[in-house]
Structures are given as C-alpha cells and as structure tokens.
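J.:
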Amino acid sequence: MTPRQYLLAAMLALPAFGAAQAADTELWRLDCGSIKISDLSAFSDTLRYQGEERTLTNSCYLIRHDASYMLWDTGLPAALLGASQDGGGMKPSLATTIKDQLSKIGVAAENIETVGLSHNHFDHVGQATDFPQAKLLIGKADLEGFRAEPPAFAVDPALVKPWLDGKAEVEAVEGDKDVFGDGSVVMLSTPGHTDGSHSLLVRLAGKGPVLLSGDTVHFEEQFANSGVPPFNVDRAQSLASMDRLQDMAKALNATLVVQHDANDIAKLPAFPASAK
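Residue numbers (mature numbering (1 follows the signal peptide of the UniProt record, and there is no 0)): -22 to -1, 1 to 254.
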C-alpha cells in the first residue's frame, strides 16, 4: 500500500473510530499456547537480549458483538497439544484448544461467524480450520503470502486450506477494516512484522477501548526500546506501526495489550472471565 492509499484508508476510518458505541461488546482472552525461547536475541536486530530466555504467550481473543461472535487469531495448531518444551531453540506447546475453551462458556464452534487474523504466521493461524464456516479477514499481502512459492518464514498454507481452496469466504483487507460497520471492532493496519500485519481495536462500554497488538511487538518493553526482530519484513514500517499503536492508545486512553507478553495480557481478565 502506498503512503497515499494508507492515508486515505485512515481518513475513511476516522468516522468509525469516533462513532458512538451502538453494539453490546464483550471480550475474552483465550489460551492459545506458549513458545519457550532459549535465546531471546533472535527477537532483536540489535542483539539486545543475548543470553536471555523467555516464554511467550500465544493469546487469542473472542469478541461478542451483540449476538455475533468473532475470533481474533487462532493460536498454535492443535497438533502441538502437550508438546515438550525441553531443549533449546523455540519450543511451541499447547495446553488446550480454542474449541474446548469456547465450550466452557457455551459457545459452539459453529457460532463463530468471523475469524480475523493479525498476520499469516503459524502461531496465529493454527486452529483456523476448526471454524470453516467463518468468514476469514486477513491483510491482502498476507493472504497472497499463503500462495507464494515457496511460502515465507513461519507460513503454512495448509492451516487456511478451506479459504485458499474457495470453500470458505475470505476477505483480503487493505488498510483499516471496520468489521461490523459501527466502529466497535476495527482492524488496524500495522505492517512491518509482515507486509499485511494488523492489530485490533475493540471498544467496550465499561473497560473502554482495548488495543490488541498482533505482533507489532512481542513484549511490552519493545515499545520503549524500539526493538525490532530481524525476521520482520520492514524495520521502518515496524517502528511506524509501534508509534501508531502508542499514539492511538494515548488518544483513546485505551488499554494496549501485547499478545505475546505473559505479563501484559494480564491487563485483561483470565478466562473464563470477560471484559465488558
């Protein structure tokens, strides 16, 4: 997307950001796995974290918009249930599935009408095919990335096969996307990690606006230290997207949640409690 197109998309979205809250919205934080990292320097192109270990959370989110349900990201694949995190490198593991968690609050998989993906990496897409009836929303560049030969780093087209095969509805999102048309849930273009990366704005009547980071950063302190992983596709875009989320959080007095940060996600209630 050119700077002119990006600006136009932002201008078109402004009325939605300022729109009155019409819908009854509710937000749940789901456990969608964890990734144990033995050498965190892989997450800084300045080698800031040499010798450090950390476990990243894989959080996903359920949004109720009146009687409609949307998932934001679908976490690690179910094949990783109970996987060992022993040894070095990056070790992903899953303790429970999205469907199992939904069943605990009386939401059937078939009730999910929309699946929004922050980007196309496997740890955010892993359980999408459990919801083949849902409309898939994903950045246009990241949708195209599923069809690339060979696929890019961390991209597995099999994880979105129903949508790639034309058996399920998909929308390639360019710029910002007002999901329900009333400003209550808005996908925000935040490229840099991938070309089509998005974050999500959810407006709640009680808690107020919540910003879900996608992978704009992987842990909260990267906002302060301008930390960019070497596997991001564009450093300048990454920094601009960080700025956008921070500026928006200040302007809206929003709760900014870094989805991979075990401490940061605690800004939202632990499942099965929800934020309203």
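Don't be surprised by glycine CBs; every beta carbon is placed ideally from N, CA and C.
Note that this is a predicted model, so its numbers are computed, not measured.
Is the beta carbon of A232 less than 8 Å from the beta carbon of M226?
T.: Locating residue 232 in the sequence shown gives position 254, counting from the first residue. Locating residue 226 in the sequence shown gives position 248, counting from the first residue. Cβ distance < 8 Å, so A232 and M226 count as in contact.
J.: Is the separation between the beta-carbon of V157 and that of T75 shorter than 8 Å?
T.: Taking the sequence shown and counting its residues from 1, the one referred to as residue 157 is at position 179. Taking the sequence shown and counting its residues from 1, the one referred to as residue 75 is at position 97. No, the Cβ-Cβ distance between V157 and T75 is not below 8 Å.
J.: Can you give the Cα-Cα distance for residue 281 and L40, rounded to whole angstroms?
T.: Outside the displayed span of the chain (-22 to 254) sits residue 281, for which this structure offers no information.
J.: Between which two residues does the beta strand (DSSP E) holding P55 run?
T.: Counting from 1 along the sequence shown, the entry for residue 55 is found at position 77. Unbroken run through P55: none, as it is neither H nor E.
J.: Which ranges does the alpha helix (DSSP H) cover as unbroken runs of at least 4 residues, wholly within the stretch 153 to 210, from first to last along the chain?
T.: 199 to 203
J.: Give me the Cα-Cα distance between P128 and E122, rounded to the nearest whole angstrom.
T.: Locating residue 128 in the sequence shown gives position 150, counting from the first residue. Locating residue 122 in the sequence shown gives position 144, counting from the first residue. The straight-line gap from Cα to Cα measures roughly 12 Å.
J.: Give the DSSP bridge partners of S46, in chain order.
T.: Indexing the sequence shown from 1 puts residue 46 at position 68. DSSP output for S46 lists H43 as bridge partner(s).
J.: Three-state secondary structure (DSSP) at A136?
T.: Within the sequence shown, the letter at position 158 stands for residue 136. Here A136 sits in helix by DSSP.
J.: Using 8 Å as the cut-off, can you tell me whether the stretch 129 to 137 makes contact with the stretch 7 to 21, which would need three or more C-beta pairs spanning the two stretches below that distance?
T.: no
J.: What is the rounded straight-line gap between the Cα of D154 and the Cα of V164?
T.: On the sequence shown, residue 154 is found 176 positions in, with the first residue counted as 1. On the sequence shown, residue 164 is found 186 positions in, with the first residue counted as 1. Each residue's alpha carbon lies about 7 Å from the other.
J.: Can you have a look at N36 and say buried or exposed, based on whether 16 or more other CB atoms are within 10 angstroms of its CB?
T.: As a first step, residue 36 is located in the sequence shown; it is residue number 58 there, counting from the start. With 16 or more Cβ atoms within 10 Å of its Cβ, N36 is classed as buried.
J.: What does a CB cutoff of less than 6 Å around Q63 pick up in its chain, not counting 5 residues either side in sequence?
T.: As a first step, residue 63 is located in the sequence shown; it is residue number 85 there, counting from the start. Cβ neighbours of Q63 beyond the five flanking positions: K14, K69 and S71.
J.: Rank F100, G159 and T33 by C-alpha distance to the C-alpha of A136 and give the top, closest one.
T.: Here residue 136 is taken as the residue at index 158 of the sequence shown, counted from 1. Answer by Cα proximity: F100.
J.: So, helix, strand or coil for A244, using DSSP?
T.: As a first step, residue 244 must be located in the sequence shown, where it is residue number 266. A244 falls in the helix class under three-state DSSP.
J.: Just the C-alpha distance for V138 and G184, rounded to the nearest angstrom, thanks.
T.: If you number the sequence shown from 1, residue 138 lands on position 160. If you number the sequence shown from 1, residue 184 lands on position 206. In this structure, the CA atom of V138 is about 35 Å from the CA atom of G184.
J.: Can at least three beta-carbon pairs, one atom from the stretch 200 to 217 and one from the stretch 23 to 33, be found at a separation below 8 Å?
T.: yes
J.: Have a look at the DSSP bridge pairing and note the partners of C38.
T.: Residue mapping note: residue 38 aligns to position 60 of the sequence shown, counting from 1. DSSP, once it has assigned bridges, lists L8 as partnering C38.
J.: In three-state terms, what does DSSP make of A(-13)?
T.: Translated into positions along the sequence shown, residue -13 becomes position 10. Here the model assigns A(-13) a pLDDT of 47, short of 50, so the residue's position is not dependable, and the following value carries that caveat. Three-state DSSP puts A(-13) in a helix.
J.: Between L72 and the ligand GDP, is there a pair consisting of the residue's CB and a ligand heavy atom that are separated by less than 7 Å?
T.: With respect to small molecules bound, the structure shown includes none, and the ligand GDP cannot be examined in it.
J.: State the DSSP-derived secondary structure class of T107, mapped to helix, strand or coil.
T.: Here residue 107 is taken as the residue at index 129 of the sequence shown, counted from 1. Of the three classes helix, strand and coil, the one that applies to T107 here is helix, per DSSP.
J.: Secondary structure at P(-20), three-state DSSP: helix, strand or coil?
T.: Here residue -20 corresponds to residue number 3 of the sequence shown, with the count starting at 1. Note that P(-20) has pLDDT 44, beneath the 50 cutoff, so the model's placement of it is unreliable and the number below is only indicative. P(-20) falls in the helix class under three-state DSSP.
J.: Just to confirm my understanding: we take K82, look at its own chain, exclude 5 residues before and 5 after, and list those with CB closer than 7 Å. What are they?
T.: Looking up residue 82 in the sequence shown gives position 104. Contacts found: P250.
J.: Along the beta strand (DSSP E) that carries S71, what are the first and last residues, could you check?
T.: As a first step, residue 71 is located in the sequence shown; it is residue number 93 there, counting from the start. Its beta strand (DSSP E) spans residues M68 to S71.
J.: With DSSP collapsed to three states, give me the class of L80.
T.: For the purposes of this step, residue 80 is identified with residue 102 of the sequence shown, where counting begins at 1. DSSP places L80 in helix when its eight states are reduced to three.
J.: Are F120 and N98 closer than 8 Å when you measure CB to CB?
T.: Numbered from 1 along the sequence shown, position 142 holds the residue referred to as residue 120. Numbered from 1 along the sequence shown, position 120 holds the residue referred to as residue 98. Here residue 120 is Asp; the residue named in the question, Phe, does not match the sequence. For D120 and N98, yes; Cβs fall inside 8 Å.
J.: Here's the rule I'm using: 16 or more other beta-carbon atoms within 10 Å means buried, otherwise exposed. How should Q215 be labelled?
T.: Here residue 215 refers to the residue found at position 237 of the sequence shown. Answer is buried; the Cβ neighbour count reaches 16.
J.: Can at least three beta-carbon pairs, one atom from the stretch 140 to 154 and one from the stretch 111 to 118, be found at a separation below 8 Å?
T.: yes
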